[in-house]
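K.L.:
Our numbering applies: residue 1 is where the sequence shown begins, and numbers increase by one. We put the beta carbon where it would ideally sit given N, CA and C, even for glycine.
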Amino acid sequence: MKRKGLEEFKLQVKLNIEDNHKKFSFLGLQDENLRIIESEIPVVISLRGDELLIRGEQKDVEIACEFLKQLKELVNVFSVLSPGEIKQALQIFKKDRNYSLLRIFGDICLVTHEGKQIKPKSIAQKEYIEAIRNFDLVFSIGPAGTGKTYLAVAMAIEALKSKQVIRVILARPAVEAGEKLGFLPGDISEKVDPYLRPLFDALLEMIGFERCQKLKEKGVLEIAPLAFMRGRSLNNSFIILDEAQNTTSEQMMMFLTRLGFGSKAVVTGDITQIDLPKGQMSGLIEAQQLLGGLEEVKFIYFTEQDVVRHPLVKKIIKIYEKKNKS
1 MKRKGLEEFK
11 LQVKLNIEDN
21 HKKFSFLGLQ
31 DENLRIIESE
41 IPVVISLRGD
51 ELLIRGEQKD
61 VEIACEFLKQ
71 LKELVNVFSV
81 LSPGEIKQAL
91 QIFKKDRNYS
101 LLRIFGDICL
111 VTHEGKQIKP
121 KSIAQKEYIE
131 AIRNFDLVFS
141 IGPAGTGKTY
151 LAVAMAIEAL
161 KSKQVIRVIL
171 ARPAVEAGEK
181 LGFLPGDISE
191 KVDPYLRPLF
201 DALLEMIGFE
211 RCQKLKEKGV
221 LEIAPLAFMR
231 GRSLNNSFII
241 LDEAQNTTSE
251 QMMMFLTRLG
261 FGSKAVVTGD
271 ITQIDLPKGQ
281 MSGLIEAQQL
291 LGGLEEVKFI
301 YFTEQDVVRH
311 PLVKKIIKIY
321 EKKNKS
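Written out as structure tokens, the structure is:
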């Protein structure tokens, strides 16, 4: 059906996809992927045998055509793309049409024990992965759901598997966000485990429970509160400090000075979610101010546009950001 106001510029594009499985992945269930494209680009796409007919204003038709060409490249490499990945690819393409989608989605940083490929899903995530590869100290700052911690853990496991490091250390500050540790039941381990659970969950997905337990028993993998880092010098290690917005100035300095020879450190945090007492400077904000000019240190910033969780999360983040600014 012709959309109101559309000029009748038409362009026919041959699919040239012989593999039926790949063709299905390209089109989606009941041509769902074509409808996704139509919802983002003001064109009408019709399937005519082995050809696509794209109708709309010339500029929009050319944009849709270029996206379809890049989408076909992705399908030829990966065979299966979910509707969610199609939407992510569209968001990347709309942000920068000169950016190769294959260069982003083709950068597989880890294959999990169940065969799942972990790869970037936004330009910022791609830049983040490349920064971790090329810098010994990387800060990633942005809202929840942007993959800051998840990708850092994936890169750490890959560095361990490829023998770039001999140990992976994951740390978090045990900040009391509305609850007092002393009043929680159990011993010290049971008190701090809830703070470290998100890191453990990411590891379980990537390497499985048994492998995770074996690495912990051997001391190759360590998940610990930030306080446990004091007084140590960590060589040939991949160290992640998560939720760094809840570090004090002293804690941040202590952590950064643990970095030893042959080691990498990734610091993640969301400066809009600080649980420190009022008036206390966040170590992450201070580090941003003090270290931003160092060439050897890389800062990567994420926005709500990089959220890769449920679409509702992105909307919730926007609402709370408006509230905090008002």
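(1) Take Y150 as the anchor and find which of A64, I240, L137, F135 has the nearest alpha-carbon.
(2) Using a Cβ-Cβ cut-off of 8 Å (strictly less than) and excluding sequence neighbours within five positions of M281, which residues of its own chain qualify?
(3) So the beta strand (DSSP E) L52 belongs to, where does it begin and stop?
(4) So M206 packs on L110, CB below 8 Å; how close in whole Å?
(5) Excluding the 5 residues flanking D306 on each side, which residues of the same chain have their C-beta closer than 7 Å to its C-beta?
(6) Which of helix, strand or coil does DSSP assign to E243?
(7) With 16 other CB atoms within 10 Å as the buried threshold, where does S162 fall?
(8) Quick one: what does DSSP say D187 is sitting in, helix, strand or coil?
(9) Going by the CB atoms, is the gap between E51 and Q12 shorter than 8 Å?
(10) Just to confirm the assignment, what range does the beta strand (DSSP E) spanning Y301 have?
(11) For the alpha helix (DSSP H) holding R35, just list the boundary residues, first then last.
(12) According to DSSP, is S282 part of a helix, a strand, or is it coil?
(13) First and last residue of the beta strand (DSSP E) that includes Q12?
(14) My guess is that I118 and I108 are in contact by the Cβ rule of under 8 Å, so how many angstroms apart are they, rounded?
(15) Assuming contact is defined by CB atoms lying nearer than 8 Å, are S237 and R167 in contact in what I supplied?
(16) Can you check whether the CB of V61 is closer than 8 Å to the CB of F9?
(17) Does the beta-carbon of F67 have 16 or more other beta-carbons within 10 angstroms, so that it is buried, or is it exposed?
(18) Which runs of the alpha helix (DSSP H), 4 residues or longer, sit entirely within the stretch 209-281?
(19) If you scan the stretch 130-180 from start to end, which runs of the beta strand (DSSP E) of 3 or more residues do you find wholly inside it?
(20) So the beta strand (DSSP E) I45 belongs to, where does it begin and stop?
(21) Would you please state the rounded distance, in angstroms, between the beta carbons of L199 and V153? I believe it to be under 8 Å.
(22) Note down, in chain order, each residue of its chain lying with its Cβ closer than 6 Å to the Cβ of Q70, except the 5 sequence neighbours on either side.
(23) CA-CA distance, K216 and Q289?
(24) Would you grab the beta carbon distance between S25 and L81 for me? Rounded to a whole angstrom, and I think it's under 8 Å.
(25) Between G231 and I316, what straight-line distance do the alpha-carbon atoms span, to the nearest angstrom?
(26) Where do the N-terminal and C-terminal ends of the alpha helix (DSSP H) with L102 fall, by residue?
(27) Between V165 and the rest of its own chain, which residues show a CB-CB distance below 6 Å, the 5 nearest in sequence each way excluded?
(28) Use the C-beta contact count for Y128: other C-beta atoms within 10 angstroms, 16 or more gives buried, fewer gives exposed.
(29) Which whole-angstrom value is the C-beta distance of F135 and V297, which I expect to be below 8 Å?
(30) Which same chain residues end up closer than 8 Å to I157 when comparing Cβ atoms and leaving out the 5 residues on each side of it in sequence?
P.N.:
The answer reads as follows:
(1) Position 150 of the sequence shown, counted from the first residue, corresponds to residue 150. Of A64, I240, L137, F135, the residue nearest in Cα terms is I240.
(2) Against the sequence shown, residue 281 aligns to sequence position 281. Counting only Cβ-Cβ distances below 8 Å, and skipping sequence neighbours, we find T248, S249.
(3) The residue given as residue 52 occupies position 52 in the sequence shown. DSSP places L52 in the uninterrupted beta strand (DSSP E) bounded by 51-56.
(4) Indexing the sequence shown from 1 puts residue 206 at position 206. Indexing the sequence shown from 1 puts residue 110 at position 110. About 6 Å separates the CB atoms of M206 and L110; that is less than 8 Å, so the two are in contact.
(5) If you number the sequence shown from 1, residue 306 lands on position 306. Cβ within range, chain order: S122, A124, Q125, G142, T146.
(6) Residue 243 sits at position 243 when you count from the first residue of the sequence shown. In the structure shown, the three-state DSSP call for E243 is coil.
(7) As a working mapping, residue 162 is identified with position 162 in the sequence shown. Around the CB of S162, fewer than 16 other CB atoms lie within 10 Å, so the residue is classed as exposed.
(8) If you number the sequence shown from 1, residue 187 lands on position 187. Because the pLDDT of D187 is 43, which lies under 50, any placement of that residue in the model is unreliable, and the number read from its coordinates should be weighed accordingly. Three-state result, D187: coil.
(9) Locating residue 12 in the sequence shown gives position 12, where the first residue counts as 1. Locating residue 51 in the sequence shown gives position 51, where the first residue counts as 1. Taking 8 Å as the cut-off, the beta carbon of Q12 is found closer than this to the beta carbon of E51.
(10) Your numbering for residue 301 matches position 301 in the sequence shown. Looking at the DSSP string, the run of the beta strand (DSSP E) that includes Y301 is 297-301.
(11) Along the sequence shown, read from residue 1 onward, the residue named residue 35 stands at position 35. Per DSSP, R35 belongs to the alpha helix (DSSP H) from 32-40.
(12) Position 282 of the sequence shown, counted from the start, is the residue given in the question as residue 282. Three-state DSSP puts S282 in coil, outside helix and strand.
(13) Mapped onto the sequence shown, residue 12 falls at position 12. Per DSSP, the unbroken beta strand (DSSP E) holding Q12 starts and ends at 9-14.
(14) Numbered from its first residue, the sequence shown carries residue 118 at position 118. Numbered from its first residue, the sequence shown carries residue 108 at position 108. The C-beta distance from I118 to I108 rounds to 7 Å, short enough to meet the 8 Å contact threshold.
(15) Residue 237 sits at position 237 when you count from the first residue of the sequence shown. Residue 167 sits at position 167 when you count from the first residue of the sequence shown. In this structure, R167 lies closer than 8 Å to S237 by Cβ.
(16) Translated into positions along the sequence shown, residue 9 becomes position 9. Translated into positions along the sequence shown, residue 61 becomes position 61. Contact: yes.
(17) By 1-based counting over the sequence shown, the position of residue 67 is 67. By the 10 Å Cβ count, F67 comes out buried.
(18) Whole alpha helix (DSSP H) segments, 4+ residues: 209-218, 249-256.
(19) Qualifying beta strand (DSSP E) stretches, in chain order: 137-141, 167-172.
(20) As a first step, residue 45 must be located in the sequence shown, where it is residue number 45. Element bounds for I45: 43-48.
(21) Position 199 of the sequence shown, counting from 1, holds the residue named residue 199. Position 153 of the sequence shown, counting from 1, holds the residue named residue 153. With 8 Å as the limit, L199 and V153 qualify as a contact, their Cβ atoms being about 7 Å apart.
(22) Against the sequence shown, residue 70 aligns to sequence position 70. Close CB contacts of Q70 within its chain, under the 6 Å cut and outside five residues either way in sequence, are with L101 (chain order).
(23) Here residue 216 is taken as the residue at index 216 of the sequence shown, counted from 1. Here residue 289 is taken as the residue at index 289 of the sequence shown, counted from 1. Roughly 35 Å between the two C-alpha positions.
(24) On the sequence shown, residue 25 is found 25 positions in, with the first residue counted as 1. On the sequence shown, residue 81 is found 81 positions in, with the first residue counted as 1. Right, the Cβ-Cβ distance comes to about 6 Å (below 8 Å), so this counts as a contact.
(25) Numbered from its first residue, the sequence shown carries residue 231 at position 231. Numbered from its first residue, the sequence shown carries residue 316 at position 316. Taking the straight line joining both Cα atoms gives about 40 Å.
(26) Start at 1 with the first residue of the sequence shown, and residue 102 comes out as number 102. Counting along the chain, L102 sits inside the alpha helix (DSSP H) bounded by residues 101-105.
(27) For the purposes of this step, residue 165 is taken as the residue at position 165 of the sequence shown. The answer, listed in chain order, is A159, N236, S237, F238.
(28) As a working mapping, residue 128 is identified with position 128 in the sequence shown. Taking a 10 Å sphere around the C-beta of Y128, we find 16 or more other C-beta atoms and assign the residue as buried.
(29) Within the sequence shown, residue 135 is the residue found at index 135, counting from 1. Within the sequence shown, residue 297 is the residue found at index 297, counting from 1. About 7 Å separates the two Cβ atoms, so the contact holds.
(30) Translated into the one-based positions of the sequence shown, residue 157 becomes position 157. Only L110, V168, L203, M206, I207 meet the Cβ criterion.
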